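See below for the structure under consideration.
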Amino acid sequence: EAFNAKVAAAKALNAFLVETPDHALAAADAADKARAAGEASKPLAGVPIGMKDLFCTKGVATTAASHILEGFVPPYESTISQKLWDAGAGMLGKLNMDQFAMGSSNETSAFGNVISPWRRSDGGNAALAPGGSSGGSSSAVAARLCPGATGTDTGGSIRQPAAFTGISGIKPTYGRCSRWGTIAFASSLDQAGPMAQDVRDCAIMLEAMAGFDAKDATSLQLDVPNWEAGLNADLKGKRVGVPREYRVENMPAEIEALWSQGIDWLRDAGAEIVEVSLPHTKYALPAYYIIAPAEASSNLARYDGVRYGLRDLPEGAGLQDMYAATRADGFGPEVKRRIMIGTYVLSAGFYDAYYTQAQKVRALIARDFERAFEQCDVLLTPTAPSAAFALGEKQADPIAMYLNDVFTVPASLAGLPAMSVPGGLDASGLPLGLQIIGKPLDEQGVLNASL
Ligand code: GLN
Numbered sequence: 028e029a030f031n032a033k034v035a036a037a038k039a040l041n042a043f044l045v046e047t048p049d050h051a052l053a054a055a056d057a058a059d060k061a062r063a064a065g066e067a068s069k070p071l072a073g074v075p076i077g078m079k080d081l082f083c084t085k086g087v088a089t090t091a092a093s094h095i096l097e098g099f100v101p102p103y104e105s106t107i108s109q110k111l112w113d114a115g116a117g118m119l120g121k122l123n124m125d126q127f128a129m130g131s132s133n134e135t136s137a138f139g140n141v142i143s144p145w146r147r148s149d150g151g152n153a154a155l156a157p158g159g160s161s162g163g164s165s166s167a168v169a170a171r172l173c174p175g176a177t178g179t180d181t182g183g184s185i186r187q188p189a190a191f192t193g194i195s196g197i198k199p200t201y202g203r204c205s206r207w208g209t210i211a212f213a214s215s216l217d218q219a220g221p222m223a224q225d226v227r228d229c230a231i232m233l234e235a236m237a238g239f240d241a242k243d244a245t246s247l248q249l250d251v252p253n254w255e256a257g258l259n260a261d262l263k264g265k266r267v268g269v270p271r272e273y274r275v276e277n278m279p280a281e282i283e284a285l286w287s288q289g290i291d292w293l294r295d296a297g298a299e300i301v302e303v304s305l306p307h308t309k310y311a312l313p314a315y316y317i318i319a320p321a322e323a324s325s326n327l328a329r330y331d332g333v334r335y336g337l338r339d340l341p342e343g344a345g346l347q348d349m350y351a352a353t354r355a356d357g358f359g360p361e362v363k364r365r366i367m368i369g370t371y372v373l374s375a376g377f378y379d380a381y382y383t384q385a386q387k388v389r390a391l392i393a394r395d396f397e398r399a400f401e402q403c404d405v406l407l408t409p410t411a412p413s414a415a416f417a418l419g420e421k422q423a424d425p426i427a428m429y430l431n432d433v434f435t436v437p438a439s440l441a442g443l444p445a446m447s448v449p450g451g452l453d454a455s456g457l458p459l460g461l462q463i464i465g466k467p468l469d470e471q472g473v474l475n476a477s478l
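Using UniProt numbering, the first residue of the sequence shown is number 28, and each one after it goes up by one.
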């Protein structure tokens, strides 16, 4: 009965694209058997996890929430999902998301919006966006349909949905988590990470997910630290940087208040607060919205109607017609917009003006962080410039949607570990998130400051 109630709740939120209760039950059974046999229990023994539909799962339909992958059943398991099963976890189902992870509200999914379990307390019962692109993950965890879910973060897709739904999520240093078997969006930015109720659960999940993988050329050849054992909320001797440039124009008062509250909390935990400068911050968003679409346009060239999923082969059509028909039908409007922007900025006539410039900006942003980290151990910022907005509110205006990523994109461009944790509620009772950004490979510092 409890299970059926959860299934009904899940259906109402549209968080799951595929349900795989047998997979989760098998993991639970295996955990029970191991316990009965007196074996040491695995770190995630029997834990039912939701998998973002960007991860290929062997024998289970994987679509990246796009029609173009309808009917695709991967014959292999992504490294991330395999590592979670090896740690004893089971899969409850595949989670809805923004199509190919492009979006900030989960509204670009070909299979309908995900709805946040939150509602405003001050009247107005409008359905709220769960954030994106990992909106199925945030909604499922916030509604307690599963204790943890996987997310991916290219420009904020773990952190912003975590902030919108009052949960925690960490994007590790670029290269910590293997990208093998994860459907590519922007390969130089994509990172997997956990989304869960609290920092400890994220640490446990991240330990299972991270690690070297020879099948991903950008995977870091490093041991995975024991992050859970290293958790320590005492910040004595630590310096927390507050970047001046994140105090953006027209920042809502409640986001200011959230940030001040976060500063007080970290000071109370023993940290010294220092103001730092990241002078190129304002160029991060435009650079990201050149680099990410450029890489996406290249990665998405493979969906040609031949190799995976959908194939539109009109009567008497040739190969070119098949490509055109399949891609016209299969990709949603936001994906098409990214492909057009990406191919434009990579085209011979505009490459230097856009793509090369954006790469230079990316290097400057990374250098800004390097300099700031000479003065501090971690940075504290808000995760997003607002609380969750109503579904539909920003759908017609891509720029308004892109502005959501203003605080998350810089750490992505620099490949830094960054986490969002709940920071309290706004005046209408909606959750707000605080972001901790760390030095390369200092997930421990990020987790500790987030505790
Ligand atoms: N909202 C950003 C975008 O649409 C980030 C997406 C992501 O991190 N996957 O590109």
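Backbone N, C-alpha and C fix where the C-beta goes; we use that ideal spot for every residue, glycine too.
Remember, it's a predicted structure, so these values are computed and weren't measured experimentally.
Answer yes or no: the CB of residue i versus the heavy atoms of the ligand GTP, is any distance below 7 angstroms?
| i | result |
| --- | --- |
| residue 390 | The model on display carries the ligand GLN but not the ligand GTP. |
Can you find a heavy atom of the ligand GLN that lies under 7 angstroms from the Cβ of residue i?
| i | result |
| --- | --- |
| residue 416 | no |
| residue 159 | yes |
| residue 239 | no |
| residue 212 | yes |
| residue 222 | no |
| residue 78 | no |
| residue 131 | yes |
| residue 105 | no |
| residue 480 | Any question about residue 480 goes unanswered here, given that the chain covers just 28 to 478. |
| residue 424 | no |
| residue 183 | yes |
| residue 319 | yes |
| residue 128 | yes |
| residue 348 | no |
| residue 453 | no |
| residue 379 | no |
| residue 432 | yes |
Just checking my contact of residue i with residue j at CB under 8 angstroms: how many whole Å lie between their CB atoms?
| i | j | result |
| --- | --- | --- |
| residue 122 | residue 167 | 6 angstroms |
| residue 202 | residue 160 | Going by Cβ atoms, the distance from residue 202 to residue 160 rounds to 20 angstroms, so no, they are not a contact pair. |
| residue 136 | residue 192 | The Cβ separation is near 16 angstroms, so there is no contact. |
| residue 100 | residue 87 | 7 angstroms |
| residue 411 | residue 431 | 6 angstroms |
| residue 285 | residue 409 | 6 angstroms |
| residue 33 | residue 172 | 6 angstroms |
| residue 140 | residue 41 | 6 angstroms |
| residue 339 | residue 356 | 5 angstroms |
| residue 212 | residue 323 | 6 angstroms |
| residue 362 | residue 93 | 7 angstroms |
| residue 200 | residue 373 | About 27 angstroms separates the two Cβ atoms, so there is no contact after all. |
Within its chain, find whatever has a CB closer than 6 angstroms to the CB of residue i; leave out the 5 residues flanking it on each side and keep chain order.
| i | result |
| --- | --- |
| residue 105 | 82, 83, 208 and 209 |
| residue 71 | 114, 115, 116 and 235 |
| residue 298 | 262, 265 and 267 |
| residue 330 | 95 |
| residue 17 | Look at the range of the chain in this structure, 28 to 478, and you will see that residue 17 is not part of it. |
| residue 477 | 226, 446, 448 and 463 |
| residue 404 | 265, 266 and 472 |
| residue 326 | 211 |
| residue 248 | 239 |
Can you name, in chain order, every residue of its own chain whose Cβ lies under 7 angstroms from the Cβ of residue i, other than the five neighbours on each side?
| i | result |
| --- | --- |
| residue 311 | 392, 436, 437 and 440 |
| residue 102 | 85 |
| residue 425 | 364 |
| residue 230 | 254, 255, 258 and 474 |
Kindly indicate if chain D contains any beta-carbon less than 8 angstroms away from that of residue i.
| i | result |
| --- | --- |
| residue 209 | Absence of chain D from the displayed structure is noted, only one protein chain being present. |
List in chain order: all unbroken alpha helix (DSSP H) runs of 4+ residues lying wholly within the segment 333 to 382.
346 to 357 and 360 to 373
Closer than 8 angstroms is the cut-off here; do at least three beta carbon pairs connect the segment 257 to 277 with the segment 288 to 303?
yes
Note down, one range per segment and in chain order, each alpha helix (DSSP H) of at least 4 residues found wholly within the segment 273 to 298.
280 to 295
Would the segment 368 to 382 count as touching the segment 315 to 322 if we require 3 or more Cβ pairs under 8 angstroms?
yes
Determine, using beta-carbon pairs with one atom in the segment 409 to 424 and one in the segment 251 to 260, whether at least three such pairs fall under 8 angstroms.
no
Unbroken beta strand (DSSP E) runs of length 3 or more, entirely within the segment 168 to 193: which are they?
175 to 180
Counting pairs of Cβ atoms below 8 angstroms between the segment 174 to 193 and the segment 444 to 461, do you hit three or more?
yes
Touching by the beta-carbon criterion (3+ pairs, under 8 angstroms), the segment 417 to 429 and the segment 141 to 157
yes
Can you list, in chain order, the stretches of the beta strand (DSSP E) that have 3 or more residues and sit fully within the segment 121 to 164?
none
Can you check the segment 392 to 442 for any alpha helix (DSSP H) of at least 4 residues that lies completely inside it and give the ranges in chain order?
425 to 429 and 436 to 441
For a minimum of 4 consecutive residues, which ranges assigned as the alpha helix (DSSP H) are wholly contained in the segment 44 to 102?
48 to 63
Does the segment 457 to 464 come close enough to the segment 210 to 218 that 3 or more CB-CB pairs lie under 8 angstroms?
no
Which ranges does the beta strand (DSSP E) cover as unbroken runs of at least 3 residues, wholly within the segment 217 to 282, from first to last along the chain?
218 to 223 and 266 to 270
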